[in-house]
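Now the structure itself:
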């Protein structure tokens, strides 16, 4: 077989030798209400095959039924055929899931022109070519992962892999010079994003910071060509169920670029589910937020870019703080305007820093000193070493401290009331620079395994969320002093 040397040749090879057609431009990227895809499926295949694309590690976030498992098999087949001697491993949350990709791969190597390349009989877990290229399924276990040194690791449904095993997997790849040229050590992850606080959410965040290539597509990017059976608008003007996502573009798809999801199937699936499920699972707009503490938080509504002048009249400067040492200490700076709108404009997130340093940063940092700072009431407890409480240390530094006792759920209700008031616009806004707080509000969640629990999980996002809660509790429910007389 002749090795494809560019995108056009690769697209033709897939169509002619494997029988695969796929969209080249991402249709969803230009739809009025689509998934805002970052790359159609073909863009991922090109990235995986051509070794000069950067960054090499890649994340694929695709819809249910979006073909990511099959495309992982296609990418694996291309590597094995055109990079003689390459070692590839497939891992998933279960061997059953990994086996689906392997089954697609075996199907490809049963095709004419591919079958004669196979060395021996493929098994349920291994496939080897006469060139020395080899692929094997791995269990998601420490024993399997730690004994591996390969060029390519492809992970399917990474959200189901434990963080400890994923951490171990980061050290299993190695670059090497093979007959077809240098092959770099690569880890690829292919998954839907089930949760805003899972492994896939972390990987997408990393990719958005530029450390991994991100490919994202939804159902509109893998639609088959629309036939005359379906009309964009009925005679009475009623639009097709997919009009918002498709906008009629499936009607004009070139045959060599159509996807695999039938129009009728897509319409049927959309009618079966709620809009949040459709947007999450099929458009990949955002992960489902079933267990989110603040499902009302929306970047488009609550994140702003405007500058806030430090000396603007009518602003009251306040702060919120969550104490920590090994866990991060979080300090939030905010201002309150005459209409009562809170704008969080700055954050400080530091580990293993003494409280005195935090106090100096609060008083002498880039923001006006706060009128008061809201903290955890547990800060009244005295240290066994210094005899001073955390609150006392802050007060010694000249800060006015508020530490109103409040149940966690009460504080959550107060924050929610500002994010989504019963009438009028939001009363709580976050500046775009406060990346930790924004991330926390999206990922702060209740334990999945305890559906009745009213205590949020304490697995990272809680620190910034707690600092915000202490601030809002002490703003919206300040101390009241009641005076009475004994008879």
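Numbering (the numbering used here), first residue to last: 180 to 666.
Here a beta-carbon is modelled for each residue, glycine too, at the ideal position from N, C-alpha and C.
Status (buried if at least 16 other CB within 10 Å, exposed otherwise) for residue i
i           : result
residue 180 : exposed
residue 584 : exposed
residue 328 : exposed
residue 577 : exposed
residue 242 : buried
residue 410 : exposed
residue 391 : buried
residue 209 : Note that residue 209 scores a pLDDT of 36, beneath 50, so its modelled location is shaky and nothing firm can be said.
residue 630 : exposed
residue 460 : buried
residue 399 : buried
residue 656 : exposed
residue 326 : exposed
residue 653 : buried
residue 248 : buried
residue 601 : exposed
residue 233 : exposed
residue 395 : buried
residue 557 : exposed
residue 518 : exposed
residue 504 : exposed
residue 312 : buried
residue 162 : Here the chain covers residues 180 to 666 and nothing more, so residue 162 does not appear.
residue 412 : exposed
residue 492 : exposed
residue 466 : buried
Collapsed DSSP secondary structure at residue i in the structure displayed
i           : result
residue 374 : coil
residue 448 : helix
residue 425 : helix
residue 514 : strand
residue 315 : strand
residue 411 : coil
residue 437 : coil
residue 334 : strand
residue 186 : helix
residue 247 : helix
residue 508 : strand
residue 232 : coil
residue 455 : helix
residue 368 : strand
residue 149 : Nothing in the structure corresponds to residue 149, since the chain is present only between 180 and 666.
residue 394 : strand
residue 399 : helix
residue 212 : For residue 212, the pLDDT reaches just 35, beneath the cut-off of 50, and the residue's location in the model is therefore unreliable, although a value from the coordinates is still provided. Coil, per DSSP.
residue 297 : strand
residue 352 : strand
residue 486 : coil
residue 660 : Any reading at residue 660 is ruled out, since the residue's pLDDT is 48, under 50, leaving its predicted position unreliable.
residue 418 : strand
residue 644 : helix
residue 329 : strand
residue 471 : strand
Span of the beta strand (DSSP E), counted from its first residue to its last, around residue i
i           : result
residue 357 : 355-357
residue 266 : 266-271
residue 280 : From DSSP, residue 280 is part of no beta strand (DSSP E) but of the alpha helix (DSSP H) over 274-287.
residue 610 : 607-610
residue 362 : 360-362
residue 500 : 495-501
residue 241 : 237-241
residue 306 : 305-307
Same chain only: Cβ atoms within 6 Å of residue i, ignoring 5 sequence neighbours per side
i           : result
residue 538 : 573 and 576
residue 306 : 314
residue 607 : 521, 597 and 598
residue 471 : 624
residue 279 : 248
residue 559 : 568 and 570
residue 626 : 632 and 636
residue 310 : 263
residue 298 : 307, 308 and 309
Beta-carbon contacts of residue i that lie in its chain and below 8 Å, excluding the five residues immediately before and after
i           : result
residue 484 : 610 and 611
residue 545 : 525
residue 228 : 183, 189, 254, 257, 258 and 261
residue 363 : 230, 235, 330 and 354
residue 198 : 290
residue 347 : 321, 324 and 325
7 Å CB neighbourhood of residue i in its chain, flanking five on each side removed
i           : result
residue 616 : 511, 523, 526, 609, 643 and 647
residue 514 : 487, 494, 495, 496, 522 and 524
residue 211 : Residue placement at residue 211 is poorly supported in this model, since its pLDDT is 32, which falls under 50; the coordinates still yield a value, given next. Cβ neighbours of residue 211 beyond the five flanking positions: 423 and 426.
residue 480 : 605
Enclosing alpha helix (DSSP H) for residue i [first to last residue]
i           : result
residue 347 : 342-348
| Unbroken beta strand (DSSP E) runs of length 3 or more, entirely within the region 519-600: which are they? | 521-529 and 551-553
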